[in-house]
Amino acid sequence: MAHVGAVVAAVTGVMAILLHSSIHKIEEGHLAVYYRGGALLTTPNGPGFHIMLPFITTYRSVQYLFISYFSLSNSGGVMIYFDRIEVVNILAPSAVVDIVRNYTADYDKTLIFNKIHHELNQFCSIHTLQEVYIELFDIIDENLKLALQKDLNVMAPGLTVQAVRVTKPKIPEAIRRNFELMEAEKTRLLITAQTQKVVEKEAETERKKAIIEAQKVAQVAEIQFKQKVMEKETEKKISEIEDAAFLARQKARADAEYYTAEKMAEANRMKLTPEYLELIKFQSIAANSKIYFGNNIPDMFVDSGAFQVKKTPKQEDSTFTDVQESLRKTKKKEVMDATADAF
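Read in order, the letters of the sequence shown are residues 1 to 343 in full-length UniProt numbering.
1. Quick check on DSSP: helix, strand or coil for phenylalanine 246?
2. Does the region 169–188 touch the region 99–115, meaning 3 or more C-beta pairs lie closer than 8 Å?
3. Would you tell me roughly how many angstroms separate the C-alpha atoms of leucine 148 and alanine 163, rounded to the nearest one?
4. Alpha helix (DSSP H) containing methionine 155: first to last residue?
5. Can you list, in chain order, the residues of its chain with a C-beta nearer than 7 Å to that of isoleucine 90? Leave out the 5 residues immediately preceding and following it.
6. In angstroms with no decimal places, state the Cα-to-Cα distance between lysine 314 and glutamate 235.
7. If you reduce the DSSP assignment to three classes, tell me which class aspartate 83 lands in.
8. Does the beta-carbon of asparagine 32 have 16 or more other beta-carbons within 10 angstroms, so that it is buried, or is it exposed?
9. For valine 62, which three-state DSSP category applies?
10. Can you check DSSP and say which residues form a bridge with threonine 57?
11. What's the C-alpha gap between alanine 210 and valine 198?
12. Considering only C-alpha positions, which residue in the set Glu202, Ile99, Leu181, Ile280 is nearest to residue 346?
13. Across which residues does DSSP place alanine 9 in a beta bridge pair?
14. Go through its chain and collect everything with a Cβ distance to aspartate 83's Cβ below 6 Å, but skip five positions before and after it.
15. Can you tell me whether DSSP reads lysine 170 as helix, strand or coil?
16. For isoleucine 25, collect the residues of the same chain with a Cβ closer than 6 Å to its Cβ; drop the 5 residues on either side in sequence, then sort them by chain order.
17. Below 7 Å CB to CB, which residues in the same chain sit around leucine 18 once its five sequence neighbours on both sides are set aside?
18. Using the rule of at least 16 other Cβ atoms within 10 Å of the residue's Cβ for burial, across every protein chain shown, is isoleucine 116 buried or exposed?
19. So, using beta-carbon positions, are isoleucine 51 and isoleucine 23 closer together than 7 Å?
20. Check whether the Cβ atoms of threonine 58 and tyrosine 35 sit closer than 7 Å, and answer yes or no.
21. Taking the beta carbon of isoleucine 139 as the centre, do at least 16 other beta carbons fall within 10 Å, making it buried, or is it exposed?
22. Within 10 Å of its beta-carbon, does alanine 10 have 16 or more other beta-carbons around it, so buried, or fewer, so exposed?
23. Applying the 10 Å Cβ sphere with the 16-neighbour rule, what's the burial state of asparagine 45?
24. What did DSSP end up calling phenylalanine 307 once you bin it into helix, strand or coil?
25. Determine the DSSP secondary structure at valine 4, reduced to helix, strand or coil.
26. Buried or exposed for tyrosine 276, please, with buried defined as at least 16 other CB atoms from any protein chain shown within 10 angstroms of its CB.
27. Is leucine 136 helix, strand or coil by DSSP?
28. Decide if alanine 156 is buried, meaning its Cβ has at least 16 other Cβ atoms within 10 Å, or exposed.
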């Protein structure tokens with residue numbers, strides 16, 4: 001019985017060793033390729049636990065690449081160090097066998113590691129430290145990705161670069177301090193520029209405010225001027241109306257006076273007959289308190305017809321017309337003088 005137990009124990013131990021050697025685990029994001037007797041098998045495995053023939057079959061895990069500690073020199077001869085350059089690549093399962101067959105399981109060294117070193121060295125050699133460290137640092141990773149993918153499309157179809165991440169390079173301490181001083185000066189300059197912009201903006205605001213105030217004053221003055229013009233025009237119209245009314249009144253008055261004078265002249269023409277004039281003459285003589293006689297006057301009362309030229313009816317009408325015209329001109333002159341005084 002002891003012999004049987006020893007055999008069982010031995011078989012169990014051997015089986016445990018074989019099982020331990022045959023079971024292996026592949027992490028997420030990795031692919032396993034297998035070699036049997038040194039020959040590459042055509043069936044890779046993905047993440048998880050897998051079983052293979054112990055001691056006969058071996059495997060290699062193909063994973064993402066992390067490259068560290070690049071030391072490069074820029075165009076100015078200053079040594080700079082990249083602590084870490086991370087390349088994330090995806091290898092299509094259908095292309096694993098071909099790529100491992102052509103470039104071995106360490107394909108990343110040939111296709112990625114050496115290429116990154118070359119491309120980064122080229123980039124740093126044609127740019128200054130200022131450009132590598134500050135101005136162009138944000139495009140380094142994108143340039144590396146494009147350069148890698150361009151070559152991989154030709155050399156290793158199925159291998160895709162998803163991302164390239166480059167850490168900030170390390171530079172000599174003295175140069176770093178100079179960069180810090182330069183950044184401090186740049187910050188101070190930016191602050192000064194922003195302060196200047198604020199002052200200019202405030203001045204511009206004050207200028208616009210003054211322009212608005214001036215425009216408001218000008219508009220108020222224009223409105224007041226238009227108001228005064230309207231007032232003057234209204235006063236002018238009122239004055240014209242009053243003048244027209246006054247002129248109409250004066251004209252009506254002059255017409256009335258002219259009509260009165262005309263009627264009086266007509267009445268006088270009808271009244272001033274030779275008999276009436278003779279009567280007036282005798283009344284005037286009778287009213288005098290003293291009468292003077294000349295040496296050759298034969299009589300106090302003489303015949304009025306002895307010293308007068310006999311007028312024809314036509315001459316009498318002409319005399320009356322002259323008197324009437326004289327009265328009309330006199331009245332018209334008085335009306336015009338009164339109108340001129342009114343204006």
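A virtual CB, placed ideally from N, CA and C, is assigned to each residue, including glycine.
Quick caveat: nothing in here was measured; it's all calculated off a predicted structure.
Looking at the atomic coordinates:
1. Working through the sequence shown from its first residue, we reach residue 246 at position 246. Helix, per DSSP.
2. no
3. The residue you call residue 148 lines up with position 148 of the sequence shown. The residue you call residue 163 lines up with position 163 of the sequence shown. Spanning the two alpha carbons is a distance of roughly 10 Å.
4. As a first step, residue 155 is located in the sequence shown; it is residue number 155 there, counting from the start. That run of the alpha helix (DSSP H) goes 140–155.
5. Translated into positions along the sequence shown, residue 90 becomes position 90. The residues are Thr160, Gln162.
6. In the sequence shown, counting from the first residue as 1, residue 314 sits at position 314. In the sequence shown, counting from the first residue as 1, residue 235 sits at position 235. Low confidence applies here, because lysine 314 scores a pLDDT of 47, under 50, leaving its location unreliable and the question unanswered by this model.
7. Looking up residue 83 in the sequence shown gives position 83. Here aspartate 83 sits in strand by DSSP.
8. The residue labelled residue 32 in the question sits at position 32 within the sequence shown. In the sequence as displayed, the identity of residue 32 is alanine instead of asparagine. Buried: at least 16 other Cβ atoms inside 10 Å.
9. If you number the sequence shown from 1, residue 62 lands on position 62. In this structure, valine 62 counts as strand in the three-state DSSP scheme.
10. Translated into positions along the sequence shown, residue 57 becomes position 57. DSSP lists Arg36 as partners of threonine 57.
11. Taking the sequence shown and counting its residues from 1, one reaches residue 210 at position 210. Taking the sequence shown and counting its residues from 1, one reaches residue 198 at position 198. Going by the C-alpha atoms only, they are around 18 Å apart.
12. Given that the chain is displayed from residue 1 to residue 343, the structure contains no residue 346 and the question cannot be resolved.
13. Working through the sequence shown from its first residue, we reach residue 9 at position 9. Per DSSP, none; premise fails for alanine 9.
14. Position 83 of the sequence shown, counted from the first residue, corresponds to residue 83. Excluding sequence neighbours, aspartate 83 sits near Thr167.
15. Mapped onto the sequence shown, residue 170 falls at position 170. Note: lysine 170 maps to strand in three-state DSSP.
16. The residue you call residue 25 lines up with position 25 of the sequence shown. Looking at the sequence provided, one finds lysine at residue 25 rather than isoleucine. Answer for lysine 25: Phe49, listed in chain order.
17. The residue labelled residue 18 in the question sits at position 18 within the sequence shown. Cβ neighbours of leucine 18 beyond the five flanking positions: Pro54.
18. For the purposes of this step, residue 116 is identified with residue 116 of the sequence shown, where counting begins at 1. Label assigned to isoleucine 116: buried.
19. One-based indexing of the sequence shown puts residue 51 at position 51. One-based indexing of the sequence shown puts residue 23 at position 23. In contact: isoleucine 51 and isoleucine 23 (Cβ atoms closer than 7 Å).
20. Within the sequence shown, numbered from 1, the residue matching residue 58 stands at position 58. Within the sequence shown, numbered from 1, the residue matching residue 35 stands at position 35. Their beta carbons are under 7 Å apart, which means threonine 58 touches tyrosine 35 by this criterion.
21. The sequence position of residue 139 within the sequence shown is 139, counting from 1. Classification of isoleucine 139: exposed, given that the 10 Å Cβ count is below 16.
22. In the sequence shown, counting from the first residue as 1, residue 10 sits at position 10. Exposed, since its Cβ has fewer than 16 Cβ neighbours within 10 Å.
23. Residue 45 sits at position 45 when you count from the first residue of the sequence shown. So asparagine 45 counts as buried.
24. Mapped onto the sequence shown, residue 307 falls at position 307. Unreliable positioning characterises phenylalanine 307 in this predicted model, as indicated by a pLDDT of 43, which lies under 50. The coordinate reading is nonetheless provided below. Correct three-state label for phenylalanine 307: coil.
25. Here residue 4 refers to the residue found at position 4 of the sequence shown. Helix at valine 4.
26. Translated into positions along the sequence shown, residue 276 becomes position 276. Flag for tyrosine 276 reads exposed.
27. In the sequence shown, residue 136 corresponds to position 136, counting from 1. Leucine 136: coil per DSSP, three-state reduction.
28. As a working mapping, residue 156 is identified with position 156 in the sequence shown. By the neighbour-count rule (16 or more Cβ atoms within 10 Å), alanine 156 is buried.
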